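Student:
Set out below in structure tokens:
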């Protein structure tokens, strides 16, 4: 990873050297109508920033892209590799990896705030590739091996890539932060399109083990590319452009953030929405196969939902920077729930399911990409990593319990259970959107202002 000697005033440099939280110039900085410091005097973007976004996109392809592909594994394990286990038990593998990624978030976020990318991407590379190799040697019917490799080790390792990939973009961008984060997060959607198709085509030809090893090679190349392209923003003296503070509980979990009612309500809303966020991603294939066994469309629904999620993340970031990140977050999260309740629940033909997949993929992609930008908007620069990490921890708890709860409904009754599953996912998404609206009122009661 290269160093970027960013321009910094002498006053700011003195502040960093003294270990203070605020530079002398901060007293005369202005605040815009959307709650962010005016950065018009700072140069934003440039080659280093663009390459960093590309590097973050590669990390997201190899990390979240693989996790977004778990719908394929849910169906494959349920019908073949782990056929003796219940749907909810198999779902725990997928939710465990996402949850552990979120749980480690505060530690990784604080480490980034202190050291930048220096050690984080290499740790993520070794851990992710090692876990994938372990998965390739797992045996049929031995679910503990999938839990150890795909669930625990991959989930712990991927956090060293995902959180820093977003936080480093927050250093390079202010005005176009949401769009930049959306572009990087779009890498996960590209992975979510390409990887399930690759698995579906390659597993029958070369087997499960060698397909996973091929994916391992791809992930290795992605992380290596990110390490070469990404730059932590630095001062002229070569130090990381954040204030160095001793590591303690307060730097891992920014409890001060919860004294801000905006952040508190956002966190509760994120928890609620995350309970049902991944329900369609995990169960749309098995649902369609059960309802329409003669149709072959089920194997293309997961790539389709991830593909539309890509456009949601890109367009969401673009629109959010213009109308306000929170102004976009609350309605799109709410309508994600509405799509489940109004389209998936009463669906009686394949065309309706395809329409639902497209709309839900787009709207849920906006939630995934814009949520971190909203947190960054109301957080001090030296707390962005810790606060995003703390929020991801809450989302991790919700993800860990949400999708298996939905799966347990299917285990009890394969037909009516799916109706309960859809209701659970739709209502939690809609409730999360309502809480985001409350957070928007806490920022500014005038909904016409940019926030």
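Residue numbers (UniProt numbering): 1 to 451. C-beta atoms are modelled at their ideal positions from N, C-alpha and C, and glycine is treated no differently. All values derive from a computational prediction rather than experimental measurement.
Using three-state DSSP, classify residue 176 as helix, strand or coil.
Tutor: It is coil, neither helix nor strand.
Student: Would you please state the rounded distance, in angstroms, between the beta carbons of residue 88 and residue 407? I believe it to be under 8 angstroms.
Tutor: Right, the Cβ-Cβ distance comes to about 4 angstroms (below 8 angstroms), so this counts as a contact.
Student: Give me the Cα-Cα distance between residue 82 and residue 203, rounded to the nearest whole angstrom.
Tutor: Straight-line Cα distance between these residues: approximately 15 angstroms.
Student: Indicate whether the contact test is met: 3 or more Cβ pairs, each with one atom in the stretch 63–81 and one in the stretch 352–360, closer than 8 angstroms.
Tutor: No, because fewer than three Cβ pairs between the stretch 63–81 and the stretch 352–360 fall closer than 8 angstroms, the two stretches do not touch.
Student: Using 8 angstroms as the cut-off, classify the Cβ of residue 436 as near or not near the heavy atoms of the ligand SAH, replying yes or no.
Tutor: With respect to the ligand SAH, the structure shown offers nothing to examine, as it has no ligands at all.
Student: Exposed or buried, what is residue 416 when buried is set at 16 or more other beta-carbons lying within 10 Å of its beta-carbon?
Tutor: That one is exposed.
Student: Please report the residue range of the alpha helix (DSSP H) in which residue 324 lies.
Tutor: Residue 324 -> no alpha helix (DSSP H), and no H or E assigned at all.
Student: Could I get the ranges of all uninterrupted alpha helix (DSSP H) runs contained in the stretch 177–215, with 4 residues as the minimum, in chain order?
Tutor: Runs of the alpha helix (DSSP H) inside the stretch 177–215: 177–206.
Student: Would residue 32 be called buried (16 or more neighbouring beta carbons within 10 Å of its own) or exposed?
Tutor: Interpretation of residue 32 is limited by its pLDDT of 43, a score under 50 that renders its predicted location unreliable; no figure is taken from the coordinates.
Student: Starting from residue 57, follow the alpha helix (DSSP H) in both directions and report where the run begins and ends.
Tutor: Segment 47–62, the alpha helix (DSSP H) holding residue 57.
Student: Within 10 Å of its beta-carbon, does residue 119 have 16 or more other beta-carbons around it, so buried, or fewer, so exposed?
Tutor: So residue 119 counts as exposed.
Student: Could you say which of 96, 112, 104 lies nearest to residue 147 if we only look at CA atoms?
Tutor: Among 96, 112, 104, the Cα nearest to that of residue 147 belongs to 96.
Student: Put residue 116 into one of helix, strand or coil per three-state DSSP.
Tutor: Three-state result, residue 116: coil.
Student: Within 10 Å of its beta-carbon, does residue 142 have 16 or more other beta-carbons around it, so buried, or fewer, so exposed?
Tutor: Classification for residue 142: exposed.
Student: Which whole runs of the alpha helix (DSSP H) in the stretch 76–116 are 4 residues long or more, in chain order?
Tutor: For the stretch 76–116, whole alpha helix (DSSP H) runs of length 4 or above, ordered along the chain, are 87–103, 105–115.
Student: Considering residue 69, what are the terminal residues of the alpha helix (DSSP H) in which it resides?
Tutor: Run containing residue 69: none; DSSP gives neither H nor E here.
Student: Quick one: Cα of residue 256 to Cα of residue 420, how far?
Tutor: So the alpha carbons of these two residues sit roughly 38 angstroms apart.
Student: Does DSSP put residue 360 in a helix, a strand or coil?
Tutor: Here residue 360 sits in helix by DSSP.
Student: For residue 364, count the other beta carbons within 10 Å of its own beta carbon; 16 or more makes it buried, fewer makes it exposed. Which is it?
Tutor: Answer is buried; the Cβ neighbour count reaches 16.
Student: Would you call the CB atoms of residue 112 and residue 168 closer than 9 angstroms?
Tutor: Yes, the Cβ-Cβ distance between residue 112 and residue 168 is below 9 angstroms.
Student: When you compare only the Cα positions, how much space is there between residue 294 and residue 418?
Tutor: Distance between the alpha carbons of residue 294 and residue 418 is about 19 angstroms.
Student: Is residue 323 buried or exposed, if buried means 16 or more other CB atoms sit within 10 Å of its CB?
Tutor: So residue 323 ends up on the exposed side.
Student: Taking residue 329 and residue 374 to be in contact with their CB atoms under 8 angstroms, please state how far apart those CB atoms are, rounded to whole angstroms.
Tutor: Going by Cβ atoms, the distance from residue 329 to residue 374 rounds to 6 angstroms, so yes, they are a contact pair.
Student: In chain order, which alpha helix (DSSP H) runs of at least 4 residues are fully inside the stretch 249–304?
Tutor: Listed in chain order, the complete alpha helix (DSSP H) runs (minimum 4 residues) inside the stretch 249–304 are 249–252, 261–277, 279–291.
Student: With H, G and I counted as helix, E and B as strand and the rest as coil, what does DSSP make of residue 383?
Tutor: Looking at residue 383 - three-state DSSP - the assignment turns out to be helix.
Student: Look at residue 219 and residue 128 and say whether their C-beta atoms are less than 9 angstroms apart.
Tutor: A contact, by the Cβ cut-off of 9 angstroms.
Student: Taking residue 327 as the reference, which of 66, 435, 298 has the closest Cα?
Tutor: The candidate whose alpha carbon is nearest that of residue 327 is 435.
Student: Is the CB-CB distance between residue 104 and residue 64 below 9 angstroms?
Tutor: Not a contact, by the Cβ cut-off of 9 angstroms.
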